[in-house]
Ligand SMILES: Cc1cc2nc3c(=O)[nH]c(=O)nc-3n(C[C@H](O)[C@H](O)[C@H](O)COP(=O)(O)OP(=O)(O)OC[C@H]3O[C@@H](n4cnc5c(N)ncnc54)[C@H](O)[C@@H]3O)c2cc1C
Ligand code: FES
Ligand code: FES
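Residue numbers (our numbering), protein chains in the order written: chain A, 1 to 167; chain B, 168 to 458.
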């Protein structure tokens, strides 16, 4: 839909997403969230608040958790991005997803991709978190359905199995 | 209303030198963006004053942490996560580590930078009282060279700073002379993550027996800029801590601040909390002297 005039102010921006090299043509100030959802069809990251408060747009950029609604596309140049779609296959993520199902950690599901990514980021840094550490790791991710306890329990459960599986 | 990305320019010069070079060509025209956790929120609300942005995110020159014999030089582009994970900062400047831990959620800490917190200049910013209490200094850089100035006084008024339009903050210097001090930092708000402070305080001090040898008290959210309570400090130095000194300090602290009523709290509540935090700190200091 964009005219050629608009295209001229767009930039080629390259990064890897879930291990695949991608080059997109985007306005440098486009939100990374929109580039992923609208251009690359990766709709796992959701838009909740659009201002950094809710964590539903979470993804991993160079291994760290970020809110993609606050990342201008140009700042993703050269980055390695992992979205919920790419996290799917790893064993740790399988354990997390199973634990979310068992403990009732997902209801409407809007917050869930962000919750799983935040949990996975936490467990990578701290494989055996206390309840306080789980709460802190997820404090930027809001959920309007579960009341959080089921989510905390799911993460503790997955962490327990993680430790069991690796020992 | 949300901003339209096609109306905005964003460039990433890739080095500190190139970034200050760009700022120098037309001072005031380009707005730096580091982690974007303040800038992108303004952008989302359609309230970003500038249409031209220059990315300084992840510039190596702004992201180093140098541990020198007498000070730590913390690159202005260091994130809260970088600060939290640094051992020497944790040991010698625990109030800065705590402030980093209280600043939004983890995703925000992975992107938000100390330089951004300083220049955004919110009176409620959480790391600024710690910088004041630790007598931090700033190194500013432009094509004209570097200059160094005390952080105290950097905020000239509400959301106004002494940064020239062609300058960036390069580093924050923390003098390594407070390791023997008693420190007390508190954030009073609805919750730590994702809640702006109603009052935040960072205080440090040293006693010999019950006599106050040195004391620094800094508070945020109680005036247009983060404040050092210098009159209260002056009054306390050399005095013996007892009940009447504590109540005099509370009164004096309340007289030094200029809190307002806003959506988060009231002036009355903020004044009461400031007084109580000062008292809480003096009681800790006194307990240390008895230990
Ligand atoms: C969800 C959420 C929660 C938050 N919670 C807190 C909180 O609890 N406590 C708190 O204090 N803050 C909080 N913030 C605010 C914000 O995260 C901090 O102020 C952060 O430190 C800003 O850093 P940044 O790198 O993201 O700044 P940016 O948004 O990139 O920039 C902010 C300003 O600083 C300027 N700037 C940045 N770096 C430099 C530099 N090196 N030299 C010169 N100018 C520079 C920019 O031009 C801009 O004017 C929160 C924000 C969000 C979105
Ligand atoms: S949509 Fe990004 S944090 Fe809410
Ligand atoms: S499951 Fe609905 S918001 Fe969390």
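Note that beta-carbon positions come from the ideal geometry of N, C-alpha and C, so glycine has one too.
Just so we're clear, the structure is a prediction, and the values are computed from it rather than from any experiment.
Nearest neighbour of residue i, chosen from the options [CA to CA]
i: residue 200 of chain B; options: B:342, B:282 and B:452; result: B:282
i: residue 354 of chain B; options: B:438, B:324 and B:269; result: B:269
i: residue 227 of chain B; options: B:203, B:337, B:329 and B:213; result: B:337
i: residue 57 of chain A; options: A:16, A:70 and A:63; result: A:70
i: residue 43 of chain A; options: A:98, A:122, A:113 and A:159; result: A:113
i: residue 127 of chain A; options: A:92, A:115 and A:104; result: A:92
i: residue 407 of chain B; options: B:456, B:425 and B:218; result: B:456
i: residue 286 of chain B; options: B:312, B:418, B:231 and B:339; result: B:339
i: residue 377 of chain B; options: B:241, B:223 and B:449; result: B:449
i: residue 104 of chain A; options: A:49, A:147 and A:52; result: A:147
i: residue 145 of chain A; options: A:35, A:110 and A:82; result: A:110
i: residue 451 of chain B; options: B:350, B:423, B:416 and B:396; result: B:350
i: residue 429 of chain B; options: B:374, B:366, B:386 and B:412; result: B:366
i: residue 315 of chain B; options: B:248, B:326, B:331 and B:324; result: B:331
i: residue 421 of chain B; options: B:389, B:405 and B:279; result: B:389
i: residue 425 of chain B; options: B:178, B:405, B:327 and B:393; result: B:393
i: residue 244 of chain A; options: A:135, A:108 and A:94; result: What the structure shows of chain A is the stretch from 1 to 167, and residue 244 of chain A is not part of that stretch, so it cannot be assessed.
i: residue 246 of chain B; options: B:275, B:414 and B:295; result: B:275
i: residue 180 of chain B; options: B:174, B:205, B:190 and B:171; result: B:190
i: residue 120 of chain A; options: A:106, A:107 and A:97; result: A:97
Residues bridged to residue i [DSSP beta-bridge criterion]
i: residue 78 of chain A; result: According to DSSP, which records beta bridges pairwise, residue 78 of chain A is partnered with nothing at all.
i: residue 26 of chain A; result: A:11
i: residue 58 of chain A; result: A:67
i: residue 306 of chain B; result: B:315 and B:338
i: residue 138 of chain B; result: The structure shown has nothing for residue 138 of chain B, since chain B only spans 168 to 458.
i: residue 355 of chain B; result: B:366
i: residue 246 of chain B; result: B:280
i: residue 199 of chain B; result: B:221
i: residue 177 of chain B; result: B:220
i: residue 413 of chain B; result: According to DSSP, residue 413 of chain B bridges with nothing at all.
i: residue 232 of chain B; result: B:241
i: residue 395 of chain B; result: B:385
Cβ neighbour criterion (16 or more within 10 Å) applied to residue i
i: residue 317 of chain B; result: exposed
i: residue 143 of chain A; result: buried
i: residue 293 of chain B; result: buried
i: residue 59 of chain A; result: buried
i: residue 4 of chain A; result: The predicted position of residue 4 of chain A is uncertain, since its pLDDT is 47 and thus under 50; no value can be drawn from it.
i: residue 1 of chain A; result: Note that residue 1 of chain A scores 43 on pLDDT, short of 50, meaning its location in the model is unreliable and no value can be drawn from it.
i: residue 233 of chain B; result: exposed
i: residue 445 of chain B; result: buried
i: residue 237 of chain B; result: exposed
i: residue 99 of chain A; result: buried
i: residue 401 of chain B; result: exposed
i: residue 210 of chain B; result: buried
i: residue 264 of chain B; result: buried
i: residue 255 of chain B; result: exposed
i: residue 21 of chain A; result: exposed
i: residue 88 of chain A; result: exposed
Which of helix, strand or coil DSSP assigns to residue i
i: residue 432 of chain B; result: coil
i: residue 350 of chain B; result: strand
i: residue 367 of chain B; result: strand
i: residue 223 of chain B; result: coil
i: residue 107 of chain A; result: coil
i: residue 240 of chain B; result: strand
i: residue 377 of chain B; result: coil
i: residue 273 of chain B; result: helix
i: residue 20 of chain A; result: strand
i: residue 327 of chain B; result: strand
i: residue 51 of chain A; result: coil
i: residue 92 of chain A; result: helix
i: residue 389 of chain B; result: coil
i: residue 442 of chain B; result: helix
i: residue 372 of chain B; result: strand
i: residue 383 of chain B; result: strand
i: residue 192 of chain B; result: helix
i: residue 72 of chain A; result: strand
Ligand 5 heavy atom lying under 7 Å from the CB of residue i
i: residue 244 of chain B; result: Of the ligands this structure carries, namely ligand 1, ligand 2 and ligand 3, none is ligand 5.
Give me the pocket residues for ligand 2, defined as CB within less than 6 Å of any heavy atom, sorted by chain position. A:47, A:48, A:49, A:50, A:52, A:53, A:54, A:55, A:56, A:57, A:67 and A:69
Could you name the residues whose beta carbon sits closer than 5 Å to any heavy atom belonging to ligand 3, keeping them in chain order? A:107, A:108, A:110, A:111, A:143, A:144 and A:145
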